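Novice: Let me begin by handing over the structure; questions about it come next.
In this note's numbering, the protein residues as written are 38 to 347.
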């Protein structure tokens, strides 16, 4: 099997760290060229260091590049659910590795050129870095095979009534990406809110005595305690579902829509709008996730973690 050349763009908080874990455990399928960081769950300095520390803790020296420290037009709104550092109360050793000198968008462009149309992008934070790559290098558009994002939603938001966190934080960047013409799969809240973290998965993770199992187990502990503190349902993992859609596409059901992003609305800023009735008479530009095999997802996740012991 030919591996997928991919860059993974993260705003590393707790669920991003789990996504990175899954990516590193799928290097038989993924040829990870770099991780790129963006402001989002926390500020850029924190998301960058978290990314570097997570990658190193899991035994990898894959490169990490810093990206945008603020959205294109709006102020950053950080997430409260990831704690002050972004990783909750999980403290990792400082990585001995530094960062690439190039900014994230230049790293994306460089690899897009070298991969000659085969590079894929997985973005699980605000889309600022991707928008910067597209606006600074318009010739990148035909060089990107596909973009997969964790963000948006068809039926509502988690930041406002209408907007999901990642898209809300930089709607202008999201609109650039949605309107770019690059093939895109949107793994939104319509599916990422469905799998609630079950106790049996928490127990299975705790039994995996590797750095992968240790990191995931500690994050799960924080997520569980945080949910008790702030109320609400059992935790969701969000970002790793987008990764799963690439390595296990059979777990996700998608439907094609023409979609765009509202950038200005008082109530609707960051809303990802699907043209259900083809009013705009435009060709679909997004494969939007509408369902997930929940049991299959959790079994895949546990089997993946266990594979780190082999």
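For every residue, glycine included, the Cβ atom is placed at its ideal position computed from N, Cα and C. As the structure is a prediction and not an experimental result, all values here were calculated from the model.
Going by alpha carbons, who is nearest to residue 322 out of 267, 162 and 221?
Specialist: Residue mapping note: residue 322 aligns to position 285 of the chain shown, counting from 1. Here the closest residue by C-alpha is 221.
Novice: Going by C-alpha to C-alpha distance, which of 199, 249, 97 and 125 sits closest to residue 308?
Specialist: Within the chain shown, numbered from 1, the residue matching residue 308 stands at position 271. Ranking the options by Cα distance to residue 308, first place goes to 199.
Novice: Where residue 206 and residue 50 are concerned, what is the direct C-alpha to C-alpha distance, given to the nearest angstrom?
Specialist: Counting from one through the chain shown, the residue named residue 206 turns up at place 169. Counting from one through the chain shown, the residue named residue 50 turns up at place 13. Residue 206 and residue 50: Cα-Cα distance of roughly 15 Å.
Novice: Would a C-beta distance cut-off of 8 Å place residue 48 and residue 73 closer than the cut-off?
Specialist: Reading the chain shown from its first residue, position 11 is the one you call residue 48. Reading the chain shown from its first residue, position 36 is the one you call residue 73. Their beta carbons are not under 8 Å apart, which means residue 48 does not touch residue 73 by this criterion.
Novice: Mind reading off the beta-carbon distance from residue 190 to residue 225? Whole number of angstroms is fine, and I expect it under 8 Å.
Specialist: Taking the chain shown and counting its residues from 1, the one referred to as residue 190 is at position 153. Taking the chain shown and counting its residues from 1, the one referred to as residue 225 is at position 188. 4 Å between Cβ atoms; contact.
Novice: On the DSSP bridge assignment, give the partners of residue 46 in chain order.
Specialist: By 1-based counting over the chain shown, the position of residue 46 is 9. According to DSSP, residue 46 bridges with 73 and 160.
Novice: Between the segment 207–216 and the segment 329–338, are three or more C-beta pairs nearer than 8 Å?
Specialist: Too few Cβ pairs lie closer than 8 Å, so no.
Novice: According to DSSP, which residues form a beta bridge with residue 293?
Specialist: If you number the chain shown from 1, residue 293 lands on position 256. Paired residue(s): 324.
Novice: Beta carbon of residue 69, beta carbon of residue 277: below 8 Å?
Specialist: Sequence index remark: in the chain shown, residue 69 carries index 32 (1-based). Sequence index remark: in the chain shown, residue 277 carries index 240 (1-based). Not a contact, by the Cβ cut-off of 8 Å.
Novice: Please determine, among 134, 154 and 203, the residue with the shortest C-alpha to C-alpha distance to residue 298.
Specialist: Here residue 298 refers to the residue found at position 261 when the chain shown is read from its first residue. The shortest C-alpha separation from residue 298 is found at 203.
Novice: Decide if residue 223 is buried, meaning its Cβ has at least 16 other Cβ atoms within 10 Å, or exposed.
Specialist: Residue numbering aside, residue 223 sits at position 186 when the chain shown is read from its first letter. Under this definition residue 223 is a buried residue.
Novice: Between which two residues does the beta strand (DSSP E) harbouring residue 186 extend?
Specialist: The residue you call residue 186 lines up with position 149 of the chain shown. 181–187 is the span of the beta strand (DSSP E), which, as asked, contains residue 186.
Novice: Which stretch, first to last residue, makes up the alpha helix (DSSP H) that contains residue 128?
Specialist: Residue mapping note: residue 128 aligns to position 91 of the chain shown, counting from 1. That residue, residue 128, is in no alpha helix (DSSP H); it is neither H nor E in DSSP.
Novice: Of the choices 231, 280 and 237, whose alpha-carbon is the least far from that of residue 273?
Specialist: Indexing the chain shown from 1 puts residue 273 at position 236. For residue 273, the nearest C-alpha among the options comes from 231.
Novice: What does DSSP give as the partner residue(s) for residue 196 in the beta ladder?
Specialist: By 1-based counting over the chain shown, the position of residue 196 is 159. Its beta-bridge partners do not exist; DSSP assigns none.
Novice: Just how far apart, CA to CA, sit residue 39 and residue 117?
Specialist: Sequence index remark: in the chain shown, residue 39 carries index 2 (1-based). Sequence index remark: in the chain shown, residue 117 carries index 80 (1-based). Looking at the two C-alpha atoms, the distance is approximately 40 Å.
Novice: Here's the rule I'm using: 16 or more other beta-carbon atoms within 10 Å means buried, otherwise exposed. How should residue 192 be labelled?
Specialist: Within the chain shown, residue 192 is the residue found at index 155, counting from 1. When all chains shown are included, residue 192 counts as exposed.
Novice: Which one of 101, 96 and 235 has the shortest CA to CA distance from residue 142?
Specialist: Working through the chain shown from its first residue, we reach residue 142 at position 105. Closest by alpha carbon: 101.
Novice: Using 10 angstroms around the beta-carbon of residue 53, count the other beta-carbons present and answer buried if the total reaches 16, otherwise exposed.
Specialist: Working through the chain shown from its first residue, we reach residue 53 at position 16. Its Cβ being crowded by 16 or more others within 10 Å, residue 53 is buried.
Novice: Which residue wins for smallest C-alpha separation from residue 236, given the options 105, 108, 335 and 42?
Specialist: For the purposes of this step, residue 236 is identified with residue 199 of the chain shown, where counting begins at 1. The shortest Cα separation from residue 236 among 105, 108, 335 and 42 belongs to 335.
Novice: For residue 103, which three-state DSSP category applies?
Specialist: Translated into the one-based positions of the chain shown, residue 103 becomes position 66. Here residue 103 sits in strand by DSSP.
Novice: Given the structure, does residue 257 come close to the ligand FAD, in the sense that its CB is under 7 Å from one of the ligand's heavy atoms?
Specialist: This structure lacks the ligand FAD, and indeed carries no ligand of any kind.
Novice: For the alpha helix (DSSP H) containing residue 260, list its first residue and its last residue.
Specialist: Here the question's residue 260 lines up with position 223 in the chain shown. First-last of the alpha helix (DSSP H) with residue 260: 248–267.
Novice: Give every residue of the same chain whose Cβ lies closer than 7 Å to the Cβ of residue 341, excluding the five residues on either side of it in the sequence, and list them in chain order.
Specialist: The count along the chain shown starts at 1 and reaches residue 341 at position 304. Closer than 7 Å at Cβ, skipping near neighbours: 59 and 62.
Novice: Do you know how far the Cα of residue 121 is from the Cα of residue 104?
Specialist: Here residue 104 corresponds to residue number 67 of the chain shown, with the count starting at 1. Here residue 121 corresponds to residue number 84 of the chain shown, with the count starting at 1. In a straight line, the C-alpha of residue 104 is about 20 Å away from that of residue 121.
Novice: DSSP puts residue 68 in a beta bridge; with which residues?
Specialist: In the chain shown, counting from the first residue as 1, residue 68 sits at position 31. Residue 68 is bridged to 42.
Novice: Let me make sure I understand the geometry here. Which of 227, 318 and 258 has the alpha-carbon closest to that of residue 241?
Specialist: The sequence position of residue 241 within the chain shown is 204, counting from 1. Among 227, 318 and 258, the Cα nearest to that of residue 241 belongs to 258.
Novice: Assuming contact is defined by CB atoms lying nearer than 8 Å, are residue 279 and residue 337 in contact in what I supplied?
Specialist: For the purposes of this step, residue 279 is taken as the residue at position 242 of the chain shown. For the purposes of this step, residue 337 is taken as the residue at position 300 of the chain shown. No, the Cβ-Cβ distance between residue 279 and residue 337 is not below 8 Å.
Novice: Of the residues 186, 44 and 110, which one's Cα is nearest the Cα of residue 301?
Specialist: What you label residue 301 is simply residue 264 of the chain shown in a count that begins at 1. When each option's Cα is compared against that of residue 301, the closest is 110.
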